[in-house]
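K.L.:
Here you go, one structure.
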Amino acid sequence: MLLPYASDFIPNRRRPVMTALLILVLFIGTVLVMENDKLRFTWAGSQLLYRYGIAPNRFQPITLFTYPFFHDGFGHLLGNCFYLWVFGSAVEAAVGKTKYFALFLAGSVVGGFLQWLVCATILNSDTNSIVGASAGCAALVGLFAVRYYRSRLNFVGLPFRPHVVTVVGLFLAWEIGSAIYHLVSGATASGVANWAHIGGFVFGLGMAYLLKLDTQGRSAYLTDDAERAMNTSLPGAAIKRWELLLSREPNNTSAMKELAKAWALLGDTEQASIWFLQAIQLSLQQGKREHAAKICGEMFAAGIRETEHKEKGIFLSAQHLFTLGSALEELGQYEQAGEVLRWVMTKFPNVPEAEPAMVKVIQLYTERLNRHEEARVFALAFATRYPRSQWLGIVDNFRKKIDK
């Protein structure tokens with residue numbers, strides 16, 4: 020049996036907690052079966068396998084949910100743990116802990132039921148109970164193959180790294196061939212639950228497409244390719260990949276921002292400003308104030324100060340600019356916040372946002388940026404422009420601070 024020990028998947032900050040927990044549970048279940056004498060339990064290991072495993076000569080639905088957690092030997096357990104760790108860790112990162120466990124268990128149920136059905140009907144078998152996490156692991160292999168379709172795998176004893184598609188093809192051919200052979204010969208697969216593996220794998224494959232893991236995978240690989248092109252100073256190649264990603268995900272503001280940075284690196288500031296503004300505008304419409312502020316910070320770092328491309332229907336309204344300036348202030352980007360809020364004052368002097376924007380600018384220039392002369396000018400202008408403002412007293416206090 021070839022054992023995988025690594026893949027191209029690079030773990031993120033989230034540790035594969037559920038995978039580790041599953042391995043621990045499987046280990047405990049195997050210890051309860053194999054070491055019951057040493058631990059002086061009142062039951063025999065064979066009793067656990069009979070009670071919680073799938074018996075071909077009887078059907079107990081509950082055993083479809085219990086049989087994956089018991090193994091009839093540590094070698095059997097070790098093989099499944101290798102598959103669980105390599106494929107399970109990556110699938111957990113793709114779908115999350117709860118969904119990951121549900122998929123593992125559901126794949127085990129589907130594979131176990133198919134194995135029982137074949138043994139109880141076609142083979143008419145009276146073999147020992149079926150136990151082990153193989154069907155659940157096969158489901159994870161199917162999920163992995165769709166999400167990480169570019170991946171190469173490391174196997175113990177193999178001097179090369181086969182592609183996951185090759186591995187999956189050989190795996191499925193072997194399982195189907197073995198299953199058909201044992202059907203024809205009337206044998207019971209010598210303890211190997213081929214139909215459980217097939218059922219689990221097909222279930223995992225189908226669920227991967229239902230969950231759109233293929234789309235997630237394509238997006239992730241396009242992102243990786245684009246970032247690699249940027250890191251190697253190939254903005255033209257990066258632009259093509261970001262544009263392809265946006266054709267699939269038109270509301271991906273992070274991709275818009277990266278596309279803008281690529282255009283800026285190429286020297287096309289007009290295209291860069293279009294994509295920066297579109298990313299900021301869409302982020303604000305989605306209620307992502309902080310994200311929009313961070314994009315604005317990167318736009319400023321690229322030397323771009325545009326606020327509109329009306330011919331393309333892209334522009335930042337007074338409300339957008341006020342929200343953006345406030346978010347920048349919250350992030351501690353006081354220079355940028357002051358500049359954006361000044362845009363509200365100068366570009367939209369007659370809108371309701373202009374008055375509080377002017378107060379914020381005076382406050383920033385007085386308390387954060389030490390630009391007292393400009394603050395004094397704005398304070399005098401504020402008193403003239405808004406003689407009945409509710410914030411007039413606050414502005415007067417700022418002016419007194421400056422004059423001390």
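Anchor point for the sequence shown: position 179 equals 198 in our numbering, and the numbering is continuous, going up by one each time.
Yeah, the Cβ is synthetic: ideal placement off N, Cα and C, and Gly gets one too.
Take the Cβ of aspartate 422 as the centre, count every other Cβ of all protein chains shown within 10 Å, and call the residue buried at 16 or more, exposed below.
P.N.:
exposed
K.L.:
Does the separation of the CB atoms of asparagine 333 and cysteine 315 fall below 8 Å?
P.N.:
First, the amino acid is wrong: residue 333 is isoleucine here, not asparagine. Not in contact: isoleucine 333 and cysteine 315 (Cβ atoms no closer than 8 Å).
K.L.:
Going by the beta-carbon positions, is the gap between serine 197 and asparagine 173 smaller than 8 Å?
P.N.:
no
K.L.:
Find the nearest neighbour of proline 35 within the set Tyr69, Leu411, Glu111, judged by alpha-carbon distance.
P.N.:
Glu111
K.L.:
Are the beta-carbon atoms belonging to phenylalanine 46 and leucine 96 less than 8 Å from one another?
P.N.:
yes
K.L.:
Let's see if you can read the secondary structure: which residues bound the alpha helix (DSSP H) around asparagine 99?
P.N.:
93–102 is the span of the alpha helix (DSSP H), which, as asked, contains asparagine 99.
K.L.:
Taking the beta strand (DSSP E) that proline 23 falls in, what are its first and last residues?
P.N.:
Element bounds for proline 23: 23–26.
K.L.:
Quick one: complete alpha helix (DSSP H) runs, 4+ long, within the segment 294–329?
P.N.:
308–320
K.L.:
As a quick exercise: from Met53, Arg407, Ser153, Ile381, pick the residue whose alpha carbon is nearest that of valine 396.
P.N.:
Comparing Cα positions, the closest option is Ile381.
K.L.:
Please report the residue range of the alpha helix (DSSP H) in which leucine 41 lies.
P.N.:
36–53
K.L.:
Between alanine 337 and glutamate 348, is the Cβ-Cβ spacing less than 8 Å?
P.N.:
In this structure, glutamate 348 does not lie closer than 8 Å to alanine 337 by Cβ.
K.L.:
Is phenylalanine 179 buried or exposed, if buried means 16 or more other CB atoms sit within 10 Å of its CB?
P.N.:
With fewer than 16 other Cβ atoms within 10 Å, it is exposed.
K.L.:
Going by DSSP, what residues sit across from arginine 171 in a beta bridge?
P.N.:
Beta-bridge pairing links arginine 171 to His182.
K.L.:
Alpha carbons only, please: which of Leu122, Ile29, Lys366, Ala25 is nearest the one belonging to leucine 229?
P.N.:
Leu122
K.L.:
Could you tell me if lysine 329 is buried or exposed, where buried requires 16 or more neighbouring beta carbons within 10 angstroms of its beta carbon?
P.N.:
exposed
K.L.:
In the DSSP output, what is phenylalanine 334 paired with across the bridge?
P.N.:
Glu327
K.L.:
Do three or more CB pairs link the segment 260–274 to the segment 234–249 at distances below 8 Å?
P.N.:
yes
K.L.:
Taking just the CA atoms, how far does glycine 255 sit from alanine 394?
P.N.:
44 Å
K.L.:
Roughly how many angstroms lie between the CA atoms of leucine 43 and arginine 166, to the nearest whole one?
P.N.:
26 Å
K.L.:
Out of Gly351, Tyr353, Lys379, Leu350, which has the shortest C-alpha to C-alpha gap to valine 363?
P.N.:
Lys379
K.L.:
If I measure Cβ to Cβ from alanine 257 and keep anything under 7 Å in the same chain, skipping five residues before and after, which residues do I get?
P.N.:
Ala245, Ala248, Met249, Ala281
K.L.:
Is there a Cβ of chain C sitting closer than 8 Å to that of phenylalanine 190, yes or no?
P.N.:
You won't find chain C in this structure, because it holds only one protein chain.
K.L.:
Please work out which residues of its chain come closer than 6 Å, Cβ to Cβ, to arginine 418, disregarding the five sequence neighbours upstream and downstream, and give them in chain order.
P.N.:
Ala398
K.L.:
Between the Cα of glycine 161 and those of Met226, Leu343, Leu350, Pro406, spot the shortest distance and give me the residue it belongs to.
P.N.:
Looking at Met226, Leu343, Leu350, Pro406, the one whose alpha-carbon comes closest to that of glycine 161 is Met226.
K.L.:
Can you grab the Cα-Cα spacing for the pair alanine 208 / histidine 310, in whole Å?
P.N.:
Confidence at alanine 208 is low in this model, with a pLDDT of 45, below 50, so its placement is unreliable and no value can be given for it.
K.L.:
Is leucine 278 closer than 8 Å to serine 238 when the C-beta atoms are compared?
P.N.:
no
K.L.:
With a cut-off of 8 Å, do at least 3 Cβ pairs link the segment 67–75 to the segment 102–119?
P.N.:
no
K.L.:
Please list the segments of the alpha helix (DSSP H) lying wholly inside the segment 176–255, counting only runs of 4 or more residues, in order along the chain.
P.N.:
183–204, 213–229, 232–250
K.L.:
Would asparagine 99 and glycine 151 qualify as a contact pair, given that the criterion is a beta-carbon distance under 8 Å?
P.N.:
Yes, the Cβ-Cβ distance between asparagine 99 and glycine 151 is below 8 Å.
K.L.:
As a quick exercise: from Ser204, Gly218, Val183, Trp410, pick the residue whose alpha carbon is nearest that of glutamate 194.
P.N.:
Gly218
K.L.:
Helix, strand or coil for isoleucine 426 per DSSP?
P.N.:
Examination of residue 426 is not possible in this model, given that the chain is present from 20 through 423 alone.
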